[in-house]
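Numbering (the working numbering), first residue to last: 1 to 314.
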């Protein structure tokens, strides 16, 4: 450094190298962003980026560079404040006739849903084999009379082949088409046991901030002597439609499940909004059959409020 250096030159020469690297980090991040994922320029006067299923899928495919990557499957959430109508006590009274306490209408509900790739870029790079698991639990946390038990826990492992698609329809596109196997059970025995197996076909369509996920299924037959719920299709239906819409920072979704012959099924309405980083406030309304397997043939209405970690488009 020359002896006549100014104070500003001295400060610049003493600046740590990691600070200089941090100043150039946005440019590096933009270059490293996976294809299909937009990194907004904080200094640019541009329109806000609209979340879509394609941006989420691009993020998932980028994460699959790690063979052990876990990503969200369905939304994961916790409803700590939840109330439901007409608790279904009959199965528990049959299993535990000596217990006289009743179920509480107030309980907690949570769902954890993850998936992991098993094989990537199959069929000339157009398909991936994926496994997923969803846990949905109903916790009588306020029922101190019987030590706050878990009223019901549903386990739902599934595996499917997912094909990338670019089919166009009505100004939108089908992003993926999936064919898979699904098992759902509550892990119980005796009169509380519920389970079924299905093969399903699923597609995901998007148009701007709107997405529609459609799933149809066929139940696999079981030995009549081992079938815990032979009429489950009458109540759980044969298809499920879920519409998702993103407006600003809010995400709205509506699920419709139906058996057209028996006219039974269910619908669910959801709204989530940002609280802090990836944590979102969450409101859920359910009406119909099959919110849990133990209630597959018992109609319930429930309203819950809590938090959500990731949504359909997030």
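Every residue gets a Cβ at the ideal spot worked out from N, C-alpha and C, and that includes glycine.
Residue range of the unbroken alpha helix (DSSP H) whose run includes residue i
i: residue 223; result: Note, residue 223: premise wrong, no alpha helix (DSSP H); not H, not E.
i: residue 235; result: 232-236
Spatial distance of residue i from residue j (CA atoms)
i: residue 201; j: residue 181; result: 9 Å
i: residue 127; j: residue 216; result: 20 Å
i: residue 174; j: residue 143; result: 46 Å
i: residue 280; j: residue 122; result: 35 Å
i: residue 49; j: residue 92; result: Here the model assigns residue 49 a pLDDT of 41, short of 50, so the residue's position is not dependable, and the following value carries that caveat. About 50 Å.
i: residue 39; j: residue 222; result: Per-residue confidence for residue 39 stands at a pLDDT of 42, beneath the threshold of 50, marking its modelled position as unreliable; no derived number is given.
i: residue 205; j: residue 177; result: 9 Å
i: residue 230; j: residue 183; result: 15 Å
i: residue 165; j: residue 69; result: 22 Å
i: residue 134; j: residue 233; result: 20 Å
i: residue 312; j: residue 76; result: 10 Å
i: residue 156; j: residue 172; result: 31 Å
i: residue 226; j: residue 153; result: 20 Å
i: residue 207; j: residue 112; result: 27 Å
i: residue 274; j: residue 150; result: 29 Å
i: residue 262; j: residue 291; result: 18 Å
i: residue 282; j: residue 194; result: 29 Å
i: residue 136; j: residue 198; result: 18 Å
i: residue 117; j: residue 132; result: 9 Å
i: residue 81; j: residue 59; result: 32 Å
i: residue 120; j: residue 87; result: 44 Å
i: residue 268; j: residue 224; result: 32 Å
i: residue 297; j: residue 237; result: 11 Å
i: residue 192; j: residue 66; result: 40 Å
i: residue 107; j: residue 209; result: 33 Å
i: residue 62; j: residue 276; result: 24 Å
i: residue 258; j: residue 188; result: 26 Å
Cβ pair residue i, residue j closer than 8 Å
i: residue 241; j: residue 214; result: yes
i: residue 103; j: residue 89; result: yes
i: residue 295; j: residue 284; result: no
i: residue 109; j: residue 138; result: yes
i: residue 308; j: residue 272; result: yes
i: residue 244; j: residue 253; result: yes
i: residue 303; j: residue 83; result: yes
i: residue 299; j: residue 286; result: no
i: residue 179; j: residue 160; result: yes
i: residue 289; j: residue 235; result: yes
i: residue 167; j: residue 306; result: no
i: residue 162; j: residue 130; result: yes
i: residue 141; j: residue 147; result: no
Neighbour-count burial assignment, residue i, 16 or more Cβ in a 10 Å radius
i: residue 186; result: buried
i: residue 74; result: buried
i: residue 228; result: buried
i: residue 264; result: buried
i: residue 211; result: buried
i: residue 310; result: buried
i: residue 29; result: In this predicted model, residue 29 has a pLDDT of only 40, less than 50, meaning its place in the structure is not dependable; the value taken from the coordinates is given anyway. Burial call: exposed.
i: residue 72; result: buried
i: residue 218; result: exposed
i: residue 190; result: exposed
i: residue 158; result: buried
i: residue 293; result: buried
i: residue 145; result: exposed
i: residue 266; result: buried
i: residue 125; result: exposed
Paired residues, beta bridge with residue i - DSSP
i: residue 308; result: 77, 280
i: residue 251; result: 246, 272
i: residue 302; result: 84, 286
i: residue 111; result: 77, 136
i: residue 215; result: 202, 240
i: residue 262; result: According to DSSP, residue 262 bridges with nothing at all.
i: residue 146; result: Partner(s): none; residue 146 has no beta bridge.
Range covered by the beta strand (DSSP E) that runs through residue i
i: residue 176; result: 172-185
i: residue 132; result: 127-139
i: residue 105; result: Taken as a continuous stretch (DSSP letters only), residue 105 belongs to no beta strand (DSSP E), as it is neither H nor E.
i: residue 150; result: 150-169
i: residue 203; result: 195-207
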